[in-house]
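Under the numbering used here, the residues of the sequence shown are numbered 1 to 586, in order. Backbone N, C-alpha and C fix where the C-beta goes; we use that ideal spot for every residue, glycine too.
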Amino acid sequence: MKITMKFIIAGLHISPLFAADVPVTANITANTTWTSDNTYIIRKPIFITNNATLTIEPGTTILGGRAQDTSTTPATTTFGSLIATRGAKLIADGTLAKPIVFTAIEERDGGVDGDPSIFPDPALGDASFWGGIIMLGNAQVNRITGSANDGEARIEGFPNSGDPLLTTYGGGATPNNADNSGILRYVSIRFGGFEFAANNEINGLTLGGVGNGTIIENVEVISNSDDGVEFFGGTVNTKRIAVAFCQDESFDIDQGHSGFHQFWFSIQNDNPSLGDYGGEWDGGNGDSISLPPFALTKIYNMTMLGTGSTAVGSIDDGIQVSDNFAGTLANSVIHDFNGVALSNTGDGVGSPKPTFLNNTWGTFAGGAGIVPNIGGAGAADPAGSGNVSGTDPLLRGISRTPVGALDPRPADNSPLLGATLAAFPADAPPGFFETVDYRGAFGTAESCNWLRGWSYLSRAGYLGADDVEVTANITANTTWTSDNTYIIRKPIFITNNATLTIEPGTTILGGRAQDTSTTPATTTFGSLIATRGAKLIADGTLAKPIVFTAIEERDGGVDGDPSIFPDPALGDASFWAASSCSETPR
């Protein structure tokens, strides 16, 4: 009896096996669906126009790259980006099990033939391999000319020589704040931000004049050369947004944005030269910053981590507010920056003023002196109103390397638990805000870590693996993912013609247990059995093998005392059983 274990690309949820590459070279002018059995490659800006809808199936991968356009003199470099223009829709509605991934083609094709010098895999600090995702809508925008609000503008990141109908956002004199630009849910955006000219990069996710009929939740942006997410006006609401290791701000707000937001998470690079403020939050834009619509953004339950308070190099502050930003930040934690907690450029914080309610301002190399660092006329004083400064929030783990040590949940003794919380705003959409009992984006329970399972941070090893006890036979198609460790203490049968697929890099721990349902009690032992007609697909890679071992190998030598759980050594055996496949004898 023989089981063949083949090597495949690990993929980090990148590309389904045997997916066909489909180059996308033309704009989308009619309703179109991208299916998960294909991988779509974009090497130039692709615009969704003509009120069309692009629907992307769960589990689909889109690879961005660059190309030379020889139709111009001199030849120019084009960069892959996906832009939903005003009136069009982008529906990228992934799932926890099947996120939709936008990434650099280098992530899939890196390390050809084992030689990383050919196409080096994107790593921490790598960015600008392609562009990003841009959604443009018809909601309100603050763009003042003289004493009047134009209500629309052209999005940054593209040459002004292009077609203005493709890059203009905002509803002008008749905005539609309920405008719907589509759905982004369980979407991962990685290694973008192509710089087509000096200081003209693309954000990971750009939202220009996007209305609150749009759904954006469970989205992450990884290692972008500009901001992670930038809001240019609009009223879109978001929930569970993560930004990691970007080279400008994590969250940038401009031009009178007035959405509601809950559960934001961000972490900066530990190299301050590859990051800026955690947030740059501005109000109006144009000839005047004192005219409406004001930036009345409402942000609750944010966890924002900087470069590390001991990082050496450029200074990154927690949040900079300017241009009459008048939003609210509440029930949040800002921590671990090597600059100051809160700053202002000196052009005023406006009237109405920004509001800071019941936040925890952690440790900052430049000091958590949030009052003296927010100068300007009408400055808000966030030192009161339930804010606490200079307090370590006691998170479970802060790490910027993929060693399984990043855990932004509060420890059991964290001051974020049981702290006084601000009430949600009365004008919020009914049912939008979720009632929790902690400050920040995460609770203490493992189920509260909403990054688990689908995100790059989870799948690339930044978060530690969860233990999953397997106690029942597998009777339907099932996937064991590399962000979990599976523990089997009894025979587990794959039956009913089902397929168990085990992702590259997954660990399965076998052990024993006492079955007290029998008289006398008996000892059960972990085994994995694929019965006739069923399949076990354990398709590891050279870099990410799949490991079946005894639980004692991981947990051996508890507290440094090998007498408690001795590490298995040469000659040790019989800690558990094994894997087998049942077949007709031959």
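{"query": "Cutting at 7 angstroms between CB atoms, please list the residues of its own chain near residue 149, excluding the five before and the five after it.", "result": "142, 143, 291"}
{"query": "DSSP three-state call for residue 562: helix, strand or coil?", "result": "Because residue 562 sits at a pLDDT of 44, beneath the cut-off of 50, its placement in the model cannot be relied upon, and the following sentence gives the value as read from the coordinates. Three-state result, residue 562: coil."}
{"query": "With a Cβ-Cβ cutoff of 8 angstroms, do residue 35 and residue 60 count as a contact?", "result": "yes"}
{"query": "Would you kindly check if the distance between the Cβ of residue 408 and the Cβ of residue 445 is under 8 angstroms?", "result": "no"}
{"query": "So what's residue 447 in DSSP terms, helix, strand or just coil?", "result": "helix"}
{"query": "Taking the Cβ atom as the reference point for each residue, do residue 485 and residue 465 lie within a distance shorter than 8 angstroms?", "result": "yes"}
{"query": "Classify residue 289 as helix, strand or coil using the three-state DSSP reduction.", "result": "coil"}
{"query": "In the DSSP assignment, find the beta strand (DSSP E) that holds residue 46 and state where it starts and stops.", "result": "45–48"}
{"query": "Tell me whether residue 232 counts as near the ligand GTP, meaning its Cβ is closer than 7 angstroms to at least one heavy atom of that ligand.", "result": "Among the components of this structure there are no ligands whatsoever, and the ligand GTP is therefore not found."}
{"query": "Looking only at C-alpha atoms, which of 140, 181, 204 sits nearest to residue 102?", "result": "204"}
{"query": "What are the start and end residues of the alpha helix (DSSP H) that includes residue 105?", "result": "105–109"}
{"query": "Would you mind working out which of 265, 89, 66 sits nearest residue 106, comparing C-alpha positions?", "result": "66"}
{"query": "If we count the other Cβ atoms within 10 Å of its Cβ and call it buried at 16 or more, is residue 509 buried or exposed?", "result": "buried"}
{"query": "Quick one: any contact between the stretch 453–464 and the stretch 424–434, if contact means 3 or more CB pairs under 8 angstroms?", "result": "no"}
{"query": "Going by C-alpha to C-alpha distance, which of 307, 406, 295 sits closest to residue 278?", "result": "307"}
{"query": "Using C-beta distances below 8 angstroms, list every residue in its chain close to residue 78, excluding the 5 sequence neighbours before and after it, in chain order.", "result": "43, 44, 45, 66, 67, 68, 69"}
{"query": "Of all the options 507, 288, 276, 304, which has the alpha carbon lying nearest to the alpha carbon of residue 262?", "result": "304"}
{"query": "Could you name the residues of the same chain whose beta carbon sits closer than 6 angstroms to that of residue 58, not counting the 5 residues immediately before and after it, in chain order?", "result": "94, 95, 98"}
{"query": "Is it true that the stretch 78–90 meets the stretch 163–177, where meeting means three or more beta-carbon pairs spaced less than 8 angstroms apart?", "result": "yes"}
{"query": "In angstroms, rounded to a whole number, what distance separates the CA positions of residue 248 and residue 344?", "result": "17 angstroms"}
{"query": "Can you give me the C-alpha to C-alpha distance between residue 301 and residue 240, rounded to a whole angstrom?", "result": "10 angstroms"}
{"query": "Count the C-beta pairs between the stretch 511–520 and the stretch 536–545 that are closer than 8 angstroms, then say yes if the count reaches three, no if not.", "result": "no"}
{"query": "If you measure between the beta carbons of residue 456 and residue 154, is that distance less than 8 angstroms?", "result": "no"}
{"query": "State the Cα-Cα distance for the pair residue 331 and residue 267, rounded to the nearest angstrom.", "result": "18 angstroms"}
{"query": "Looking only at its own chain, which residues have a Cβ that is under 6 angstroms from the Cβ of residue 24, when we skip the five neighbours before and after it?", "result": "40, 42, 46"}
{"query": "For residue 166, which three-state DSSP category applies?", "result": "helix"}
{"query": "List the endpoints of the continuous alpha helix (DSSP H) containing residue 40.", "result": "Run containing residue 40: none in the alpha helix (DSSP H); it sits in the beta strand (DSSP E), 38–42."}
{"query": "Residues in its own chain within less than 6 angstroms of residue 28 by CB, not counting five upstream and five downstream?", "result": "48, 52, 54"}
{"query": "Is it true that the CB of residue 495 sits closer than 8 angstroms to the CB of residue 531?", "result": "yes"}
{"query": "If you draw a straight line from the alpha carbon of residue 258 to that of residue 327, how long is it in whole angstroms?", "result": "8 angstroms"}
{"query": "Between the alpha carbons of residue 227 and residue 173, how many angstroms are there, rounded?", "result": "29 angstroms"}
{"query": "If you follow the beta strand (DSSP E) that residue 186 is in, where does it begin and where does it stop?", "result": "182–190"}
{"query": "Going by C-alpha to C-alpha distance, which of 38, 439, 353 sits closest to residue 322?", "result": "353"}
{"query": "Per DSSP, what kind of secondary structure is residue 554 in: helix, strand or coil?", "result": "helix"}
{"query": "Roughly how many whole angstroms lie between the Cα atoms of residue 130 and residue 151?", "result": "30 angstroms"}
{"query": "One question on the structure: do residue 132 and residue 192 come within less than 8 angstroms of each other, judged by their Cβ atoms?", "result": "yes"}
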